[in-house]
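The block underneath contains the structure these notes are about, expressed in structure tokens.
Protein chains: 2
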Amino acid sequence: MKRVTLEEVARVAGVSRATASRVVNGASSVDESLRHAVQKAISSTGYLPNIAARSLVTRRAAAIGLLLPDERRMDGDPHLASVVSGVTRVVRPLGIHLVLMMTGPGTREQALSDLRCGRLDGVILVHTDPADPVPGQLIAAGLPVVLAGRPLTPMPITYVDVNQTVGAALAARRLKSLQCNRIATITGPQDTPAGQDRLAGFLAEVPNAVVVHGDFTRQSGVAAMERLIGCCPDVDGVFIASDLMANGAIPVLHRSGRKVPDDVAIVGFDDSSAALTSEPELTTVRQPITDMAAEMARQLLRQISEPRSPATSVVFEPTLVVRDSG
Amino acid sequence: MKRVTLEEVARVAGVSRATASRVVNGASSVDESLRHAVQKAISSTGYLPNIAARSLVTRRAAAIGLLLPDERRMDGDPHLASVVSGVTRVVRPLGIHLVLMMTGPGTREQALSDLRCGRLDGVILVHTDPADPVPGQLIAAGLPVVLAGRPLTPMPITYVDVNQTVGAALAARRLKSLQCNRIATITGPQDTPAGQDRLAGFLAEVPNAVVVHGDFTRQSGVAAMERLIGCCPDVDGVFIASDLMANGAIPVLHRSGRKVPDDVAIVGFDDSSAALTSEPELTTVRQPITDMAAEMARQLLRQISEPRSPATSVVFEPTLVVRDSG
DNA sequence: GCGGCGCGAGAGAGCGCTCTCTGGGACAGG
DNA sequence: CCTGTCCCAGAGAGCGCTCTCTCGCGCCGC
Numbered sequence: 124m125k126r127v128t129l130e131e132v133a134r135v136a137g138v139s140r141a142t143a144s145r146v147v148n149g150a151s152s153v154d155e156s157l158r159h160a161v162q163k164a165i166s167s168t169g170y171l172p173n174i175a176a177r178s179l180v181t182r183r184a185a186a187i188g189l190l191l192p193d194e195r196r197m198d199g200d201p202h203l204a205s206v207v208s209g210v211t212r213v214v215r216p217l218g219i220h221l222v223l224m225m226t227g228p229g230t231r232e233q234a235l236s237d238l239r240c241g242r243l244d245g246v247i248l249v250h251t252d253p254a255d256p257v258p259g260q261l262i263a264a265g266l267p268v269v270l271a272g273r274p275l276t277p278m279p280i281t282y283v284d285v286n287q288t289v290g291a292a293l294a295a296r297r298l299k300s301l302q303c304n305r306i307a308t309i310t311g312p313q314d315t316p317a318g319q320d321r322l323a324g325f326l327a328e329v330p331n332a333v334v335v336h337g338d339f340t341r342q343s344g345v346a347a348m349e350r351l352i353g354c355c356p357d358v359d360g361v362f363i364a365s366d367l368m369a370n371g372a373i374p375v376l377h378r379s380g381r382k383v384p385d386d387v388a389i390v391g392f393d394d395s396s397a398a399l400t401s402e403p404e405l406t407t408v409r410q411p412i413t414d415m416a417a418e419m420a421r422q423l424l425r426q427i428s429e430p431r432s433p434a435t436s437v438v439f440e441p442t443l444v445v446r447d448s449g
Numbered sequence: 124m125k126r127v128t129l130e131e132v133a134r135v136a137g138v139s140r141a142t143a144s145r146v147v148n149g150a151s152s153v154d155e156s157l158r159h160a161v162q163k164a165i166s167s168t169g170y171l172p173n174i175a176a177r178s179l180v181t182r183r184a185a186a187i188g189l190l191l192p193d194e195r196r197m198d199g200d201p202h203l204a205s206v207v208s209g210v211t212r213v214v215r216p217l218g219i220h221l222v223l224m225m226t227g228p229g230t231r232e233q234a235l236s237d238l239r240c241g242r243l244d245g246v247i248l249v250h251t252d253p254a255d256p257v258p259g260q261l262i263a264a265g266l267p268v269v270l271a272g273r274p275l276t277p278m279p280i281t282y283v284d285v286n287q288t289v290g291a292a293l294a295a296r297r298l299k300s301l302q303c304n305r306i307a308t309i310t311g312p313q314d315t316p317a318g319q320d321r322l323a324g325f326l327a328e329v330p331n332a333v334v335v336h337g338d339f340t341r342q343s344g345v346a347a348m349e350r351l352i353g354c355c356p357d358v359d360g361v362f363i364a365s366d367l368m369a370n371g372a373i374p375v376l377h378r379s380g381r382k383v384p385d386d387v388a389i390v391g392f393d394d395s396s397a398a399l400t401s402e403p404e405l406t407t408v409r410q411p412i413t414d415m416a417a418e419m420a421r422q423l424l425r426q427i428s429e430p431r432s433p434a435t436s437v438v439f440e441p442t443l444v445v446r447d448s449g
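Residue numbers (this note's numbering), protein chains in the order written: chain P, 124 to 449; chain G, 124 to 449.
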């Protein structure tokens, strides 16, 4: 099983290597008969271009990185598969590889050097710690990056996000339309843009809402709901800023003898798989994760092909998915 | 921002490119003072080796693929993050990239050609369709592959699995120790080894168990439990062959007025995140997914470094995780 | 009829690295 | 003192590809 090179294809087709290369890369200025001969030679020899050799001269790796928080922080994050799927959809037809990197000691530096040494053409950063210096370094170096979600401190970087504020407002209006009188919210972490915006968007609609803080994790949902029914027993509608927290919070209500949605209406956020594994199934605010991920990939590819193009941000509109919890 | 090449490092250090290369690759036969000079030159120039160039001559891509079923079939599969994490742990310190590929039209062929043209050194196959010809083609071509889970039809291929039979037996014994008299099981798909083994292992312990079929998905768990309480209302212990199905099945019991675990004890399988999002939390059989994934990576690396080494299989032992459902 | 022009194909120079092969110096043995 | 041996550094040949540059050929205008 010997490797087939372009040289050999050219020999079989009776043309020069240059012409064979033109056919492989779809250049237009090749005579139809020669093109045909080359194509026949390619399929008869089973030729596959050597990406390393190509990449050496084009200085393109044809690979992008997806930098993820580590397993622990993902907490069974149901988004991962959707994100990968969205990115893949855009990137695969182009023959571009998706390299997964999970945060761990040294990962971000590794990603940076992979980028610098041309092993990766760009990276998508997910769930980035606001204090992380890497995004800043990347844009400073003019390397292609796209962020999932608005960065906490404004910077000239391309990102894709859902309109968190509008999403929270959607949830608020749903609870109001359900005639809830005593409305509360369990928030996400207030050191993240998503956490902040979901709270702000909600309070804009329900200024007198009771506010209890969580951090998006299931456990924090449990704790927050316990505090909430302690301090505010007559609550009858709660916007919980992530489905995962709602998933932890609902059993607390049940144990306290409250029925969902009859006694307390619940609206979550994310429309993650946790929305379906809750009992009852969650009414929630849906973010089009897969589409957003595809858009991140597109934005990244644009940056790769037009290096110094300006940073842009794309904001998707969320929708309310009404199920059984509120 | 110009690229730094080995040539330049050599020039700065006052040695030949060959010697610089030896230092970079940790060859032993370099004089200590020269080695030091080169190392200083590397850090002062900020040199990073160009992987494409290296890969062109070594014929190693320093990248492996992880072939996954598509999003739909994953159904919010909670394993993905754990698998990635386990593989990453082994592969990252070696500077090897993990390329994610989700099944879609043509993906498997793409993986095959990536392997053939040297863009990938090996692949890990997860949740492979038993009818899929790709694994067979891969081993026939002598390319490095590792399967997650025993293949349906025996073939000389390396795989890593958990002892499904023992796991099911663990679940069975738990239900028996709970003094359940009317024991049933909701199975996985019987055209998969996992589905078969979990049923067989269970029946070996509880030969007279009621058997209802599912396919590992949540929805099938709902449907199966509805059928089960229809045909066997006095059931008081159920082994459900995946946590996801259990997650769908438990609310059915609740709606029928049965309490878990008081009226019906439930034991799941997987110890996935669905086990924690269930109410009550699931007693379940745990597979050490992350460790298994790490082992898959190790097996793959071994195959890559010793091309024609014999296929081996590694089987992990499951453990019972007792929580609230049974 | 001749020079200029445009178009398509070939020649060849690298891209940055590894690795074999060669050469030279140090040391030991004869 | 000369030769054989060993060891370490340098020279140089590629790895397979892309892409620029050159060249030849056919066509047009004058």
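In this text, a Cβ means the ideal position worked out from N, Cα and C, and glycines have one as well.
Inset, instruction - State yes or no: is the beta carbon of residue 374(P) nearer than 8 Å to at least one beta carbon in chain G? - result: As a working mapping, residue 374(P) is identified with position 251 in the first sequence. Closer than 8 Å to some Cβ of chain G, the Cβ of residue 374(P) qualifies, so yes.
Inset, instruction - Report yes if the CB atom of residue 214(P) is closer than 8 Å to the CB atom of residue 221(P), and no otherwise. - result: Your numbering for residue 214(P) matches position 91 in the first sequence. Your numbering for residue 221(P) matches position 98 in the first sequence. Yes; because the gap between Cβ atoms is below 8 Å, this pair is in contact.
Inset, instruction - My understanding is that residue 395(P) touches residue 366(P), with C-beta atoms under 8 Å, so please give their C-beta distance in whole angstroms. - result: As a working mapping, residue 395(P) is identified with position 272 in the first sequence. As a working mapping, residue 366(P) is identified with position 243 in the first sequence. The Cβ separation is near 5 Å, so the contact holds.
Inset, instruction - Indicate whether residue 321(G) and residue 392(G) have their beta-carbon atoms separated by less than 8 Å. - result: Counting from 1 along the second sequence, the entry for residue 321(G) is found at position 198. Counting from 1 along the second sequence, the entry for residue 392(G) is found at position 269. For residue 321(G) and residue 392(G), yes; Cβs fall inside 8 Å.
Legend entry - Straight-line Cα distance separating residue 130(G) from residue 159(G): Here residue 159(G) refers to the residue found at position 36 when the second sequence is read from its first residue. Here residue 130(G) refers to the residue found at position 7 when the second sequence is read from its first residue. If I take the Cα positions, the gap works out to 17 Å.
Legend entry - C-beta neighbour in chain G for residue 364(P), strict 8 Å: The residue you call residue 364(P) lines up with position 241 of the first sequence. Cβ-Cβ to chain G under 8 Å: no for residue 364(P).
Legend entry - With 16 other Cβ atoms within 10 Å as the buried cut-off, status of residue 126(G): Position 3 of the second sequence, counted from the start, is the residue given in the question as residue 126(G). It counts as exposed.
Legend entry - Proximal residues, the segment 220–247 of chain P versus chain G, C-beta separation under 9 Å: 220, 221, 222, 223, 224, 225, 227, 229, 230, 233, 236, 237, 239, 240, 241, 242 and 243
Legend entry - Inter-residue spacing [alpha-carbon to alpha-carbon] between residue 449(P) and residue 357(P): Along the first sequence, one-based indexing puts residue 449(P) at 326. Along the first sequence, one-based indexing puts residue 357(P) at 234. So the alpha carbons of these two residues sit roughly 16 Å apart.
Legend entry - Outcome for residue 300(P) when other beta-carbon atoms lying within 10 angstroms are tallied against a minimum of 16: The sequence position of residue 300(P) within the first sequence is 177, counting from 1. Counting Cβ neighbours within 10 Å, residue 300(P) comes out exposed, since fewer than 16 surround it.
Legend entry - 8 Å Cβ cutoff, residue 129(G) in contact with chain P: Position 6 of the second sequence holds residue 129(G). Chain P contact via Cβ: absent.
Inset, instruction - Identify, in the order they occur along the chain, each residue of the same chain with its Cβ nearer than 8 Å to the Cβ of residue 426(P), setting aside the five sequence neighbours on each side. - result: Counted from its first residue, the first sequence places residue 426(P) at position 303. Excluding residues within five positions, the ones whose Cβ falls inside 8 Å are 245, 267, 268, 269, 281 and 432.
Inset, instruction - Would you mind working out which of 292(P), 313(P), 353(P) and 309(P) sits nearest residue 328(P), comparing C-alpha positions? - result: What you label residue 328(P) is simply residue 205 of the first sequence in a count that begins at 1. Answer by Cα proximity: 292(P).
Inset, instruction - Take every Cβ of the segment 220–240 of chain G, pair it with every Cβ of the segment 167–176 of chain P, and state whether three or more of those distances are shorter than 8 Å. - result: yes
Inset, instruction - Check each residue of the segment 158–179 of chain P: if its Cβ is closer than 7 Å to any Cβ of chain G, include it; give the result in chain order. - result: 171, 172, 173, 174, 175, 176, 178 and 179
Legend entry - Cross-chain neighbours of residue 397(P) in chain G, by beta carbon under 8 Å: Working through the first sequence from its first residue, we reach residue 397(P) at position 274. 400, listed in chain order.
Inset, instruction - Flag residue 132(P) as yes if its beta-carbon sits less than 8 Å from any beta-carbon of chain G, otherwise no. - result: Start at 1 with the first residue of the first sequence, and residue 132(P) comes out as number 9. No, because no Cβ of chain G sits closer than 8 Å to the Cβ of residue 132(P).
Legend entry - Closest Cα partner of residue 209(G) within the set 423(G), 442(G), 416(G) and 443(G): The sequence position of residue 209(G) within the second sequence is 86, counting from 1. Checked all of 423(G), 442(G), 416(G) and 443(G); the closest Cα to residue 209(G) is 416(G).
Legend entry - CA-to-CA distance, residue 362(G) to residue 326(G), given in whole angstroms: The count along the second sequence starts at 1 and reaches residue 326(G) at position 203. The count along the second sequence starts at 1 and reaches residue 362(G) at position 239. Rounded to the nearest angstrom, the two C-alpha atoms are 11 Å apart.
Legend entry - Close-in-space but distant-in-sequence residues of the same chain around residue 437(P) (CB under 6 Å, 5 per side omitted): The residue given as residue 437(P) occupies position 314 in the first sequence. Around residue 437(P): 283 and 418.
Inset, instruction - Would you verify that the beta carbon of residue 425(P) is, or is not, closer than 8 Å to some beta carbon of chain G? - result: Reading the first sequence from its first residue, position 302 is the one you call residue 425(P). Chain G contact via Cβ: absent.
Inset, instruction - Could you tell me how far apart the beta carbons of residue 311(P) and residue 272(P) are, in whole angstroms, since I believe they sit closer than 8 Å? - result: Along the first sequence, one-based indexing puts residue 311(P) at 188. Along the first sequence, one-based indexing puts residue 272(P) at 149. At roughly 12 Å, the Cβ-Cβ gap does not stay under 8 Å, so residue 311(P) and residue 272(P) are not in contact.
Legend entry - the segment 370–378 of chain G in contact with the segment 406–415 of chain G per 3-pair CB rule at 8 Å: no
Legend entry - Rounded C-alpha distance that separates residue 278(P) from residue 231(P): Here the question's residue 278(P) lines up with position 155 in the first sequence. Here the question's residue 231(P) lines up with position 108 in the first sequence. Taking the straight line from one Cα to the other gives about 19 Å.
Legend entry - Host alpha helix (DSSP H) of residue 127(G) (start-end): Along the second sequence, one-based indexing puts residue 127(G) at 4. Taken as a continuous stretch (DSSP letters only), residue 127(G) belongs to no alpha helix (DSSP H), as it is neither H nor E.
Legend entry - Limits of the unbroken beta strand (DSSP E) element including residue 385(P): Mapped onto the first sequence, residue 385(P) falls at position 262. In the DSSP annotation of this structure, residue 385(P) is not part of any beta strand (DSSP E), being labelled neither H nor E.
Inset, instruction - For residue 250(P), name the three-state secondary structure that DSSP assigns. - result: Numbered from 1 along the first sequence, position 127 holds the residue referred to as residue 250(P). Correct three-state label for residue 250(P): coil.
Inset, instruction - Taking a Cβ distance cut-off of 9 Å, strictly less, list which residues of the segment 307–334 of chain G are near chain P, in chain order. - result: none
Legend entry - Rounded Cβ spacing between residue 400(P) and residue 315(G) (contact assumed at less than 8 Å): What you label residue 400(P) is simply residue 277 of the first sequence in a count that begins at 1. What you label residue 315(G) is simply residue 192 of the second sequence in a count that begins at 1. In this structure residue 400(P) is not in contact with residue 315(G), their Cβ atoms being roughly 22 Å apart against a cut-off of 8 Å.
Inset, instruction - Enumerate, from N- to C-terminal direction, the unbroken beta strand (DSSP E) stretches of 3 or more residues contained entirely within the segment 384–420 of chain P. - result: 388–393 and 406–409
Legend entry - Unbroken alpha helix (DSSP H) run spanning residue 284(G), endpoints: Reading the second sequence from its first residue, position 161 is the one you call residue 284(G). Unbroken run through residue 284(G) is the beta strand (DSSP E), 281–285; no alpha helix (DSSP H).
Legend entry - chain P within 8 Å of residue 208(G), Cβ atoms only: Counted from its first residue, the second sequence places residue 208(G) at position 85. Using beta-carbon distances, residue 208(G) counts as an interface residue toward chain P, with a partner under 8 Å.
Inset, instruction - Give the secondary structure of residue 351(G) by DSSP, where H, G and I count as helix, E and B as strand, and everything else as coil. - result: The residue given as residue 351(G) occupies position 228 in the second sequence. Residue 351(G) falls in the helix class under three-state DSSP.
Legend entry - As assigned by DSSP and simplified to three states, the class of residue 174(G): Your numbering for residue 174(G) matches position 51 in the second sequence. Here residue 174(G) sits in helix by DSSP.
Inset, instruction - Confirm the yes/no value for this check: CB of residue 350(G), any heavy atom of the ligand GDP, distance under 7 Å. - result: The ligand GDP is absent from the structure shown, which contains no ligands of any kind.
Legend entry - Nearest-angstrom Cα separation, counted from residue 389(P) out to residue 252(P): The residue labelled residue 252(P) in the question sits at position 129 within the first sequence. The residue labelled residue 389(P) in the question sits at position 266 within the first sequence. Looking at the two C-alpha atoms, the distance is approximately 29 Å.
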